[in-house]
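Just below is one structure, and these are the notes that go with it.
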Amino acid sequence: MTKPTLSRRGVLKTGAAAGVGLALPTYLSAASHSGFTNAPQGDTVTLGFNVPQSGPYADEGADELRAYQLAVEHLNGEGDGGMMNTFSSQVLEGNGIMGKKVEYVTGDTQTKSDAARASAKSMIEKDGAVMITGGSSSGVAIAVQGLCQEAGVIFMSGLTHSNDTTGKDKKANGFRHFFNGYMSGAALAPVLAAQYGEDRKAYHLTADYTWGWTQQESIAAATEALGWTTVENVLTPLAATDFSSYIAPVLNSGADVLVLNHYGGNMVNSLTNAVQFGLREKMVDGKQFEIVVPLFSRLMARGAGENVKGILGSTNWHWSLQDEASQAFVKSFGTKYGFPPSQAAHTCYVQTLLYADAVARAGSFNPCAVVEALEGFEFDGLGNGPTLYRAEDHQCFKDVLVVRGKENPTSEFDLLEVVEVTPRAQVEYAPDHPMFAGGNLGQCNPGA
Amino acid sequence: MLGLKKHDLSLLIIVAILTMAAPFLLNPFPTESGMAQFNAGYPDLMQKFVIFGIFAIGFNILFGLTGYLSFGHAAFLGVGSYACVWMFKLLGYNVLPGILLSIVVSGLFALLIGVITLRRSGIYFSILTLAFAQMSFALAYSVLSNPKFNLTNGETGLQVYADDPQWFHSDRLPDLPHLFGLSMRATHRMELGAWEFQFNVGYYMCAVIMLLCFYLAIRIFRSPFGLMLRAVKSNQQRMNYTGLNSRPYTLAAFVISGMYAGLAGGLLSAVDPLAGAERMQWTASGEVVLMTILGGAGTLIGPVLGAGLIKYFENIFSKINESVLHGWFGFLPDGLEDFVITLVYPFVGKGWHLTLGVIFMLVVIFLPGGLVEGGQRIGRLFRGKKPSGAAKSATTEPAE
Amino acid sequence: MDAIILQILNGLDKGSAYALIALGLTLIFGTLGVVNFAHGALFMIGAFCSVTLSKLLNLSFETVDPTQKDFLGNPLKVKTPYVESWFGPEVGATIIDWSVPLAILFAIPIMLVIGYVMERGLIKHFYKRPHADQILVTFGLAIVLQEIVKFYFGANPIQTPAPDALSGVANLGGALGLQIAYPIWRLVYIGFSLLLIFGAFAFLQFTTFGMVVRAGMADRETVQLLGIDIDRRFTIMFGLAAAIAGLAGVMYGPINAPNYHMGMDFLVLSFVVVVVGGMGSLPGAVLAGFLLGILEAFASTTWATTTIPGINQIIIYLVAIIVLLTRPRGLMGKKGVMED
């Protein structure tokens, strides 16, 4: 056995530790006097950026990280300031947050709830992060949001689209800027009805996990309200890579619209397969067959290549928006990195600014003060028009974009065109809407 | 003492000292220094070290002794986690019933699967266990989380909601997993000059349990039962010809290692009350295989070392980003700094998988007996001696 | 009827990929006795050969077009591939369009070299080591290979479309009055796989080289005693197995866009296929590949999933369990292989 090695090392280390103990006999218990977890000490404040760096969403995570780095630069007064100049709340001064320089730590969620929580915990326990943000899937967002609630830090979610994040699983310490499945349905359905007619038969392919279900439920409800019928809803395994055996039955099902409730690699493959099977050229009872991808992202559209042309979907934000704020963001992101930001990058950048602003307005890093400052906060100038952080469920309400895959892209980034900006009023819902029922925000938790 | 030989007893004592002093040993660098990035002495990672240590010790009882390579042990880890969270949901946040139930449930599950899979050996056994684990994962991820019968809560992971019954929960008790009122999250921070050390209740509970498991493993390794298991590995056929039925022994080993895995799963939930289905995926099963082989299959301490190494990489190396690198190499002239960072960058942060892959290869190529063999070589180097008999007997050949 | 035929085609299609990877795995196992966990990575590298080729063909020079603007408002840089300027736009575009079939020619030498280097540089040293060590080292290699690909190509899938002429839909049932519209490229894939499989079998069956290799698989020592350098031949077989996996990857690209972890996605399933077929049996691997492919296709139909919820996710594993419990060595396995 390794007794010799171990004891040797053990002796050395214990010796070292004992030496330290003798040399520095001052004993300090660091029980926080400040009344909340990880109160920033000294002249810096640490934020935790928890994004997927390995696994299939790594590219999206990398884009999120770029946005965070940009946001930190802007908060610390470097660079051109980006959306800080267009933000309706002009509290931030470019001197960090409340005069404390912003520092950050990064971690890898691996798009697994366990790994994401482990990474977030290390940020909280080891690095003293006072806020955690990021993520690229709803499972991870909900898992980390729950952790932050328990630990007493703020969670500003990144890309998470499931209704549950601010529904069944909402938490007082968690905030979502991104839109959700219900909003996608509410924004998309009228456009679909207007473009494809009200007499349509839809066939749903749905990723078989919580996000897929809530998305499918939302889209089906919204389209059925406008006269569509749902022929069939088929659940597909998350691990599926080839969707041919799910697509083939669509051919002779009598349906004339295929709705793909998929994201990421699933979406790329199912859309590719659907186009392969000639669905885009198919005619059913004199009607052109159509494919719909309710949640679009430019990064994924890029993975799907030619196949996205003409396909309708919804998105949280797109770089081609012409408002001053979006332009400012695209300019400073594009100048730094050489390509336009994705919607994931946008929501992460905005979340960081919103957090910093809330702290500055509250005058404290205490999570409860931040929660109070964010609840019911009305703002503008962050790329989505006038926006409300609703107090009841910590969900942002703003305009939703309906987009279409561009037929003649001028560059590798120019893949989507905005068809309609659905006004905020149209996507609003009551906090106790059945699709969001069952959750409880609880009390804000300041931790220690 | 404790029914152990002197050699094993000293090993146990060393391990005990190391685990008890881990908060010091794992935080060798001052908090504000650049090297603090490499500190691992914070509660979550220390908990992971000992919990995955338990998982690997248990796996080694099956693989290291009998040579049966299970590719489905993560299923027991997952079942244990779910069982424990269900106890939280039904009874309340005391961890004791949850941990006990996770051992019982995973033991039963292992018995069921073991009876079926142990009818085959070699790679056929491996694939059978893999098949069961993958089925469990697929079902837990989707079918078993449908709204009508929600056993696992699917993608989000099973967690405690405010409207769960929690029959024995009272307002006096912490609203997080606890042991008779002592919260698992309770951490005492001690500052010694530039250093900060964290003493966490959850960690110490897991560490004590790991020591118990380690002790039990030593006893199993040294018992007639353990000898019988080794016989299965070295030549099952000859054993069968002598009229011994080896199946009950392998089944017992399988169930015991399944219970270890379930215990590890229960402890994971106890220190962090959320159980995700990914814990059952084949990659998780593969991870424990890697931990065991990396550390040294068939040795007592090897699996624990392997578990520590892999978790260290996952949690520490993945957090090194470009700005950290600039911090480290900032003292270099600009051109050189950029050059060094380009060189190092692919291996840290998002490239931590790459480093892990390279280490797997290096260890297997140069240290066939895993880290333990590396330790022995260094030990020999220092003492300038040939391997002693004791070292030889403890290191069995890695199994096929 | 139409639906059944469609699903059989889907099954053959999935089965082709399984069978090709499993065939390579079995070749390596049967000849060298090595469990190669990096085989999925070889499949992935094959697919990325075609990504690389299409990148090379699309190497472009930039001209500034002041009439259009890019996203920052600067004049747009229009890219023209060199191929188009050398051979004229028409020919150039055709070459780019046919980049996937061209990639076959590109991939064969690359995969042979990769296979050769892998065997000589690494696997060679692991013949006498336990299977667990082989698994660990090849798994490590697989991680390293896929991380390298991820570093250069990113994590997102990259489309490698089929040539226009082969990317439509063929109506197969016209003559029979059935509605069977099936993607042409998938039919090409099935045909290509069958060709490759028959080629491999014919090579082993009807050439002297193949005969020696088969003799070596049956009794390595005796063949060596006859003064034949069996190691060299086995090395070539490793290269060949790598090439088969690589070609399977190249041709799979247009079906589903390649990404860096596609190898891992196929790895576990391929192992199940090999074991269900029977370790060391080449016909078994092919048979099990197609069988499991077809079963998977049928388990995905609505009829199956409503009868038994979740059957589509577990069917392969369920079949594996049933086969292994009723036929201890898989469908066509030989006695004494990998049982100790």
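Chains as they are written, first to last, in the numbering used here: chain X, 1 to 448; chain A, 449 to 848; chain G, 849 to 1188. The C-beta atom is built at its ideal place from N, Cα and C for all residues, glycine as well.
| query | result |
| --- | --- |
| Under three-state DSSP, which class holds Gln288 of chain X? | strand |
| Going by DSSP, what residue range makes up the alpha helix (DSSP H) through Asn683 of chain A? | Pro672 to Tyr689 |
| Report the partner residues of Phe497 of chain A according to the DSSP bridge assignment. | Note: Phe497 of chain A sits in no beta bridge, so no partner. |
| For Phe885 of chain G and Thr986 of chain G, I'd like the C-alpha separation in whole angstroms. | 5 Å |
| Within 8 Å (strictly less), CB to CB, does Val965 of chain G reach chain A? | no |
| Please give me, in chain order, every unbroken run of the beta strand (DSSP E) with length at least 3 that falls completely inside the segment 49-113 of chain X. | 101-108 |
| Taking C-beta pairs closer than 9 Å, name the residues in chain G that Gly128 of chain X reaches, listed in chain order. | By Cβ distance, chain G contributes nothing, its closest Cβ being about 30 Å from Gly128 of chain X, past 9 Å. |
| With respect to the beta strand (DSSP E) encompassing Pro816 of chain A, which residues constitute its N-terminal and C-terminal limits? | Premise fails: Pro816 of chain A is in no beta strand (DSSP E) and is neither H nor E. |
| Looking at the C-beta of Ile97 of chain X, does it have a partner C-beta in chain A at a distance below 8 Å? | no |
| Roughly how many whole angstroms lie between the Cα atoms of Trp319 of chain X and Ser342 of chain X? | 7 Å |
| On the three-state DSSP scale, how would you describe His394 of chain X? | coil |
| Would you list the residues sitting across from Met283 of chain X in a DSSP beta bridge? | X:Gln288 |
| With DSSP as the reference, label Arg568 of chain A as helix, strand or coil. | coil |
| CB Leu1044 of chain G to CB Leu1115 of chain G, shorter than 8 Å? | no |
| Quick one: is Asp285 of chain X near chain G, going by C-beta distance under 8 Å? | no |
| Whole alpha helix (DSSP H) runs in the segment 754-795 of chain A with 4 or more residues, listed along the chain? | 770-777 and 782-792 |
| Got a sec, what are the start and stop residues for the alpha helix (DSSP H) Ser458 of chain A sits in? | Lys454 to Met468 |
| Can you give me the Cβ contacts of Asp945 of chain G inside the same chain, cut-off strictly under 7 Å, excluding the 5 residues immediately before and after it? | Pro1011 and Asp1012 |
| I'd like the list of long-range same chain contacts for Gly405 of chain X, defined as Cβ closer than 7 Å, with 5 residues on each side in sequence excluded. | Ala301, Val308, Lys309, Gly310, Ile311, Leu415 and Leu416 |
| Within a Cβ cutoff of 6 Å, which residues of the same chain sit near Ala1091 of chain G, ignoring the five residues on either side of it in sequence? | Ile956, Met959 and Leu960 |
| Tell me which residues share the same chain as Leu299 of chain X and place their Cβ nearer than 8 Å to its Cβ, disregarding the 5 neighbours each side in the sequence. | Asp59, Glu60, Asp63, Ser342 and Ala344 |
| Taking 8 Å as the CB-CB limit, is Asn1107 of chain G close to chain X? | yes |
| Using the beta-carbon of each residue, which ones in chain A are nearer than 8 Å to Met892 of chain G? | Those within 8 Å of Met892 of chain G in chain A number zero; the least Cβ separation is about 14 Å. |
| How big is the Cα-Cα spacing for Leu837 of chain G and Ser947 of chain G? | Outside the modelled stretch of chain G, which goes from 849 to 1188, sits residue 837 of chain G, for which no answer is possible. |
| Could you tell me whether the Cβ of Gly1002 of chain G comes closer than 8 Å to any Cβ of chain X? | yes |
| With 7 Å as the C-beta to C-beta threshold (strictly closer), list the residues of the segment 784-814 of chain A near chain C in chain order. | The chain labelled as chain C is not found among the protein chains of the depicted structure, namely X, A and G. |
| Which runs of the alpha helix (DSSP H) spanning at least 4 residues fall entirely within the segment 151-205 of chain X, listed in chain order? | 181-196 |
| Just the Cα atoms here: how many angstroms apart are Gly710 of chain A and Ser550 of chain A? | 5 Å |
| Based on DSSP bridge pairs, tell me the residues matched to Glu910 of chain G. | G:Lys927 |
| Does any residue of chain X bring its CB to less than 8 Å from the CB of Gly602 of chain A? | yes |
| When the distance is taken between beta carbons, is Ala328 of chain X closer than 8 Å to Gly82 of chain X? | yes |
| Closest to Ile876 of chain G by CA distance: which of G:Val1061, G:Ser898 and G:Phe1046 is it? | G:Val1061 |
| With a cut-off of 8 Å on the beta carbons, I'd call Leu559 of chain A and Lys681 of chain A a contact; round off their distance for me. | With a Cβ gap of about 21 Å, Leu559 of chain A and Lys681 of chain A do not count as contacting. |
| Can you grab the Cα-Cα spacing for the pair Gly1087 of chain G / Lys972 of chain G, in whole Å? | 13 Å |
| Could you give the distance in angstroms between the alpha-carbon of Leu538 of chain A and the alpha-carbon of Leu627 of chain A? | 16 Å |
| For Ala889 of chain G versus Leu993 of chain G, is the C-beta spacing smaller than 8 Å? | yes |
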